[in-house]
Amino acid sequence: MSKHTRIQVALPVPLRETFDYLLGDEISQPPPTGARVRVPFAGRELIGVVLGHSDDGNLEPGKLKSLQAVLDRSPVIPSELISLIRWSANYYQCPLGEALQAALPTLLRQGDMPTYKADSSILPWQLTPEGQGLPDTALPRAPRQAELLKYLRDYGPQTWPHLKEVGFNRDALKKLHQRGLIEQSQSPKQAPSREQALALNPEQQVALDAITLDQFQTYLLEGTTGSGKTEIYLQAISRLFTRDSRAQALILVPEIGLAPQTIQRFQRRFGSAKVVALHSGLSDRERLNAWVRACDASAQIIIGTRSAIFTPLPHAGLIIVDEEHDASFKQQEGFRYCARDLACLRGKTLNIPVILGSATPALETLHNALRDRFTHLQLTRRASNHPPPRIQLVDSSDISAQQGLSEQSLSAINHHLKAGNQVLVFLNRRGYAPTLQCHDCGNQILCRHCDARLTLHHQPRHLHCHHCDWQQPVLSHCPICNSHRLVALGQGTERSEEFLTQYFPDTDIIRIDRDSTRTKNALSDKLERVHQGAPCILVGTQMIAKGHHFRNLTLAVILDVDSGLLSADFRGPERMGQLITQVAGRAGREQKPGEVILQSRNQNHPLLQLLVSGDYQAFSRALLTEREVTRMPPFSHLALIRADAPVADTAAQFLQVVRHFADAYTANLGAELLGPMPALMEKRGNRYRFLMQVKSDSRAAINQLCQLLVEYIGTLKTHRALRWSIDVDPQEM
Ligand code: ADP
Ligand code: ZN
Ligand code: ZN
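Numbering follows our numbering, with no gaps: position 413 of the sequence shown is 885.
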């Protein structure tokens, strides 16, 4: 290496190029690819990732700055991941430096060392021998300390966060520590208990045996809720460990699905020492610790949400994506990657199997399975052998808004409560009513910042925009005609709760939505009430659609299935079908048979008819045929260029210019353009939003055209207030 060695560095800046630095005099060894370096950049110091070195180049070495420091002697990002991120940055049109940053834990981005540091708050407090010898009555003048001492004696070692949660104060803890009665244990709480594998049913056995562990293959495990998919994941991992006792398995789960139950299930089977979780609820330190344990392979099961796809796995053996259809696998801003798709790519590079599991696979995944690109494994029965819930369609066209539930639904609810069971009333709309309308002139009260109606809330009473968060007092008069007859139209969860409370005065009504669970512990308290098992009516939004297992719940009533069915987004019906199937899966999970009621004003809609027959497979295949006819994904590929600005023309004209440039290439590349057109909600948070759609049968064509567009946009002098972005394989229109 010479003094002129150039180090190529990716920096966290919104620029598409990488930057060259000289080694500098103080640094003798060039840092390896994947190591972090500190460099001067535009008057600041930044931390970047080394992408390579070179010894030549056209630029005079004199013009280059030198590295300030090398942070890592060995790569923090292995080369396999650098390639994956490079590929993704190119595919999703994200600057490489930004993509690399998204893949690093926050503390590493800030320059911390990639080492495990036990966070002392996770070490449990326990009694010392002196503390153990002390009788309960020994501290009569320090009742708080006595209480804490007794708690630790009764319940065993506990972490400080736990003790705080159950109401102890730091002071009592400190005093006991000073008195030498308690001490902090040196190792985290470990649950060694192992649970036995279940004996698989024949369908499960066939599916498990079909999974080949020593090479890349993508499997779609399509199985109804409760059919035992998780059991297959567990046993596939067991087999993996039998083949290679050091192997690692990565399990991606939706944001909402990373319930403690999921982690515990893996811990019970494999012992807690092997399992780490990576999700947004962790502190930066906890995240880095989990990441380090994946890196040094002391953790063999890594369960995480979307960004966990970028975890280094030196002994990678298997990747699982649970609920693979879930929209949270696609990042919706910045680096707009899809973790499920990257999982398939990473599996291929590493030559290891990838299992995508779902009761309601994404149409893209299903399409790949049906044309044999993925191996299709199916589980058609519930593992418990209980029949699937009976689904019934009920006409809701003449129900009053005040009531919201049909007579049929009410009598079914009554029936299930009388039998000692629990009922779920599902409505994906929080607040009291979605619309406040003038009875005299028909005017609806809109948000002043968005093209959206304000939602009426009663607890507390106000009008709220669910799109920009604007809030205002409830009007007493119509601003157009001054009439004071303003009426609440439609149903939100608060209104359903109010009606049900009147109709079933002796029943516990438990509402679970974002508003009713804002305060700490509110959610767990409410869930606890449901888990106690007494008859109750649970009124909830999608917060409770997934993951929860309510033993005594036998009836699910879904109030409004029409909004999804008639949505302007081409994915609307697919999303609705997935949601209904998820919610239906909540009913009758144990011995008692389940029942599902769908209220709709479009009873004869053919798609609804398919869902009612309980045949999600027929439903999804009908949707695929529709997509084929309309040439929408997966029968074509899309990218969206979005732009927004405080003045509509700024955004629309920008896209017009981009369109004009793109028009010269579309014919050659085999791509089509649509737009610019206003977004489904044109004005939102005082910004006017437009988009242009790129469509093609070829991903390569989309990639080439987007590349050209991004370069071209880089040369434009755009208005300061304009924001634009590009979204490849968009999930939302
Ligand atoms: P899914 O992941 O498809 O929803 P799970 O794996 O969670 O399904 O299984 C649903 C329920 O059935 C769980 O309570 C699980 O313990 C049980 N189960 C799964 N497989 C079997 C089996 N082979 N025999 C008995 N019970 C099973
Ligand atoms: Zn009016
Ligand atoms: Zn608004």
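Yeah, the Cβ is synthetic: ideal placement off N, Cα and C, and Gly gets one too.
Here DSSP, grouped into helix, strand and coil, assigns Phe846 to coil.
Rounded to the nearest whole angstrom, the CA to CA distance from Ala1090 to Tyr1184 is 45 Å.
Where Gly1049 is concerned, the enclosing alpha helix (DSSP H) starts and stops at Gly1044 to Ala1056.
For Lys647, there is no enclosing beta strand (DSSP E); the enclosing alpha helix (DSSP H) has its first and last residue at Arg642 to Gln650. Beta-bridge annotation (DSSP): Lys1064 is not paired with any residue. According to the DSSP secondary-structure assignment, Ile827 is paired through a beta bridge with Tyr691 and Ile792. Its chain contains Ile885, His888, Ile1009 and Leu1027 as the residues whose beta carbon lies nearer than 6 Å to that of Val895, once the 5 sequence neighbours on both sides are disregarded; these appear in chain order. Arg1073 places its beta carbon 8 Å or farther from that of Ser948.
Between the alpha carbons of Leu1037 and Leu1095 lies a gap of roughly 12 Å. Between Asp1032 and Ser1108, the CB-CB gap reaches or exceeds 8 Å. According to DSSP, His751 shares a beta bridge with no other residue. Under DSSP, Lys802 shares a beta bridge with Cys810.
Relative to the non-hydrogen atoms of ligand 1, the Cβ of Ala855 comes within a distance shorter than 7 Å of at least one. In this structure, Ala1151 has its CB at a distance of at least 7 Å from all heavy atoms of ligand 3. Between Ala1017 and Thr1122, the gap from beta carbon to beta carbon reaches 8 Å or more. For Cys566, the shortest separation between its Cβ and any heavy atom of ligand 2 does not lie below 7 Å. For Ala1111, the enclosing beta strand (DSSP E) covers residues His1109 to Ala1117.
Within the model, the alpha-carbon separation for Ile917 versus Ile519 is close to 49 Å. A residue is listed when its beta-carbon falls short of 6 Å from at least one non-hydrogen atom of ligand 2; in chain order these are Cys910, Asp912, Cys913, Asn915, Cys950, Ile952, Cys953 and Ser955. Note on Met585: under 16 other CB atoms within 10 angstroms of its CB, so exposed under the neighbour-count rule.
With a contact defined as Cβ atoms closer than 8 Å, Asp1201 and Cys950 miss out at about 45 Å. The C-beta of Arg516 has fewer than 16 other C-beta atoms within 10 Å across all chains shown, which makes the residue exposed. Here the alpha carbons of Val1166 and Ala1139 stand approximately 12 Å from one another.
Listed in chain order, the non-local C-beta contacts of Ile827 below 6 Å within the same chain comprise Tyr691, Leu693 and Ile792, local neighbours out to five positions each way being set aside.
Remark: the C-beta of Lys1064 is outside contact range of ligand 1, defined as less than 7 Å to any heavy atom. At least one heavy atom of ligand 1 lies closer than 7 Å to the C-beta of Ala671. Here the C-alpha atom of Leu494 lies approximately 36 Å from the C-alpha atom of Gly819. Under DSSP, Gln909 forms a beta bridge with Gln916 and Val959. The stretch 603-615 makes no contact with the stretch 547-559: fewer than 3 CB pairs, one atom from each, lie closer than 8 Å. A distance below 6 Å between beta-carbons, with the five flanking residues on each side excluded, links Glu836 to the following residues of its chain, in chain order: Pro1106. Every beta strand (DSSP E) of 3 residues or more that sits fully in the stretch 924-955 is shown, in chain order, as 927-930 and 933-936. The Cβ atoms of Leu672 and Leu680 sit closer than 8 Å to each other. A Cβ-Cβ separation of about 6 Å places Phe807 in contact with Tyr564 under the 8 Å criterion.
Of the candidates Lys890, Pro906 and Glu498, the residue whose Cα lies closest to the Cα of Asp978 is Lys890. Residue state for His1021 is assigned as coil, using DSSP reduced to three classes. Cβ contact annotation for His525 (same chain, cutoff 6 Å, sequence separation greater than five): Thr477, Ile479 and Pro502, in chain order.
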